[in-house]
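Asker: Pasting a structure below so you can have a look.
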Ligand SMILES: Cc1ncc(COP(=O)(O)O)c(C=O)c1O
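In the numbering used here, the protein residues as written are 4 to 468.
As structure tokens, then:
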């Protein structure tokens with residue numbers, strides 16, 4: 004079914020010959036068979052303007068906000084990345100302080116860097132079996148807010164890349180009691196909306212009352228890559244400031260096919276969502292039931308370690324099957340989302356085929372009978388060393404490269420992360436610790452590629468001169 008915005012764009016596109024962008028003029032497909040160029044418009048009369056929306060785009064964004072229960076929703080065409088850059092800039096003035104969960108995506112760090120912000124970290128506990136971050140205890144947020152009364156906002160990620168949720172309602176309440184806005188990176192939780200709650204997807208950031216919520220529709224819902232939503236709630240964030248920062252960070256030529264995709268996704272959720280979520284739940288429950296007899300194949304969130312979490316999105320299947328297991332998975336016809344250390348992630352969605360998860364369960368059950376268990380993750384997540392300056396200063400001051408081992412005790416001048424998940428093992432401006440060097444050695448030995456923001460090669464590190 005065509006979305007309303009798609010119908011409106013197609014009608015506008017059919018009305019006149021386009022003497023304007025885009026260059027394909029809706030006559031030459033950018034690639035054979037690619038149909039969406041037919042409604043690839045620009046800001047002509049009637050097509051509205053994403054950066055000053057009061058027409059068909061404003062109405063489409065209202066439809067999405069109504070479905071999610073947020074006060075405002077902005078369509079994003081640069082992924083959650085642009086929502087995080089703009090949202091953090093809107094909440095935290097240049098040079099101010101923020102409280103930020105250490106397990107945030109690199110886009111959050113880039114926002115901190117660009118705003119010359121001072122980051123005070125909230126470090127969630129690590130789930131020992133898998134070496135991934137667990138839920139952030141609300142008490143730790145309260146204590147950090149008391150210790151840093153000057154922070155302009157709290158920034159955290161829930162659910163994480165691996166599906167771990169934090170108690171957002173409790174955290175939002177204690178932030179609001181102190182008049183501090185909460186921004187939640189829910190890039191992996193666009194499926195947390197009221198109509199999905201009966202099927203187990205409860206505890207989302209909009210329902211919890213978070214002030215700004217960023218969701219990548221493209222990650223878990225039927226919407227094109229790069230499409231995302233930024234929701235606003237309550238009175239602690241200023242919609243005009245958000246719009247101004249979206250103007251700064253987002254392209255002035257937003258793609259109509261991407262925006263149509265977001266409205267189409269909204270329509271799909273409304274019409275097909277309840278049945279699709281029910282079917283997804285049934286597939287995941289069958290998968291969970293299948294895991295019960297396994298002895299040697301741990302799956303995060305489906306074993307005894309579950310008590311470590313406040314809540315968990317079981318649509319993310321993190322299996323400890325190692326690189327050999329990932330290779331076997333590929334041979335069996337599955338391409339995993341991520342392989343990091345011994346962990347392999349399968350990301351599911353309401354759009355999976357009916358039998359895909361049953362086949363995955365059969366594959367894992369076979370392995371469980373024949374393969375030895377894969378050892379637990381080593382120390383993959385070093386605690387951050389003390390910050391000696393801001394991230395921006397760490398990047399701007401004169402630096403030099405030195406062998407990794409010699410960097411211990413010096414101040415980092417670059418980021419290091421495994422991507423995905425894109426959570427820094429080291430951020431500029433902080434002291435390099437022996438635990439960091441050990442984590443790099445462990446990941447290198449395992450063949451996990453590490454990315455440096457400088458020209459690092461895993462053997463050297465940029466440090467302040
Ligand atoms: C937790 C988290 N936040 C933000 C992002 C950025 O999202 P996008 O790719 O939609 O810009 C990602 C990307 O993987 C992510 O994992």
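Even glycine gets a Cβ: it sits at the ideal position worked out from N, Cα and C.
Under a Cβ-count criterion, where at least 16 other Cβ atoms within 10 Å of its own Cβ denotes burial, should residue 261 be classed as buried or exposed?
Answerer: buried
Asker: I need the DSSP call for residue 123, collapsed to helix, strand or coil.
Answerer: strand
Asker: Here's a check: name, in chain order, each residue in its chain whose Cβ is nearer than 8 Å to the Cβ of residue 468, leaving out the five neighbours to either side.
Answerer: 400, 401, 402 and 403
Asker: From this set, 413, 423, 169 and 405, which residue's C-alpha is nearest residue 460's C-alpha?
Answerer: 405
Asker: DSSP state of residue 283, grouped into three classes?
Answerer: Under the three-state reduction of DSSP, residue 283 is assigned to helix.
Asker: In chain order, which continuous runs of the alpha helix (DSSP H) of length 4 or greater are located wholly inside the segment 138-163?
Answerer: 141-150
Asker: Taking 7 Å as the cut-off, is the C-beta of residue 87 nearer than that to any heavy atom in ligand 1?
Answerer: yes
Asker: For residue 188, verify whether its CB is less than 7 Å away from any heavy atom of ligand 1.
Answerer: yes
Asker: Give a yes or no on contact between the segment 297-307 and the segment 221-238, applying the rule of three or more CB pairs nearer than 8 Å.
Answerer: No contact exists between the segment 297-307 and the segment 221-238.
Asker: Using 7 Å as the cut-off, classify the Cβ of residue 82 as near or not near the heavy atoms of ligand 1, replying yes or no.
Answerer: Indeed, a heavy atom of ligand 1 lies less than 7 Å from the Cβ.
Asker: What do you reckon, are the CB atoms on residue 141 and residue 177 nearer than 8 Å?
Answerer: yes
Asker: Of all the CB atoms in chain D, is at least one closer than 8 Å to the CB of residue 32?
Answerer: Here there is only one protein chain, and chain D is not present.
Asker: Looking at ligand 2, does it come within less than 7 Å of residue 151, judged from the CB to the closest heavy atom?
Answerer: Summarising the ligand content, the structure contains ligand 1 and does not contain ligand 2.
Asker: Taking residue 179 as part of the beta strand (DSSP E), name the residues at either end of that continuous run.
Answerer: No beta strand (DSSP E) contains residue 179, which is instead part of the alpha helix (DSSP H) from 171-180.
Asker: How far does the alpha helix (DSSP H) with residue 13 in it reach, from first residue to last?
Answerer: 7-18
Asker: Which one of 454, 462, 332 and 433 has the shortest CA to CA distance from residue 105?
Answerer: 433
Asker: To the nearest angstrom, how far is the alpha carbon of residue 466 from that of residue 442?
Answerer: 18 Å
Asker: With a threshold of 7 Å, establish whether the CB of residue 424 neighbours any heavy atom of ligand 1.
Answerer: Residue 424 has its Cβ nearer than 7 Å to a heavy atom of ligand 1.
Asker: Hey, could you find the ends of the alpha helix (DSSP H) residue 254 is sitting in?
Answerer: Careful: residue 254 lies outside any alpha helix (DSSP H) and carries neither H nor E.
Asker: Thinking C-beta only, is residue 50 closer than 8 Å to residue 15?
Answerer: yes
Asker: Per DSSP, what are the beta-bridge partners of residue 76 in this structure?
Answerer: 234
Asker: Say whether the segment 73-83 touches the segment 33-51, bearing in mind that this needs 3 or more beta-carbon pairs closer than 8 Å, one atom from each stretch.
Answerer: no
Asker: So, for residue 239: in the same chain, excluding its five sequence neighbours on each side, which residues have a beta-carbon less than 6 Å away from its beta-carbon?
Answerer: 184 and 214
Asker: Whole angstroms are fine: how far does the CA of residue 125 sit from the CA of residue 187?
Answerer: 14 Å
Asker: Hey, out of 456, 436 and 463, whose CA is closest to residue 447's CA?
Answerer: 463
Asker: Return helix, strand or coil for residue 202, following the three-state DSSP convention.
Answerer: helix
Asker: Take the Cβ of residue 248 as the centre, count every other Cβ of all protein chains shown within 10 Å, and call the residue buried at 16 or more, exposed below.
Answerer: buried
Asker: Just to confirm the assignment, what range does the beta strand (DSSP E) spanning residue 404 have?
Answerer: First-last of the beta strand (DSSP E) with residue 404: 402-406.
Asker: How long is the line joining the alpha carbons of residue 424 and residue 108, rounded to whole angstroms?
Answerer: 7 Å
Asker: Pop quiz: residue 398 and residue 116 are said to be a contact at Cβ under 8 Å. What is the actual Cβ separation, rounded to whole angstroms?
Answerer: 6 Å
Asker: For a test of the three-state rule: what should DSSP assign to residue 447, helix, strand or coil?
Answerer: helix
Asker: Under 7 Å from any heavy atom of ligand 1, does the C-beta of residue 454 make it?
Answerer: No heavy atom of ligand 1 is found nearer than 7 Å to the CB of residue 454.
Asker: Looking only at C-alpha atoms, which of 179, 166, 133 and 137 sits nearest to residue 154?
Answerer: 179
Asker: Identify the residues that DSSP records as bridge partners of residue 320: which are they?
Answerer: 349
Asker: Could you spell out where the alpha helix (DSSP H) holding residue 103 opens and where it closes?
Answerer: Note, residue 103: premise wrong, no alpha helix (DSSP H); beta strand (DSSP E) at 100-104.
Asker: Where in the segment 382-445 do unbroken runs of the alpha helix (DSSP H), each at least 4 residues long, occur, reported from the N-terminal end onward?
Answerer: 394-399
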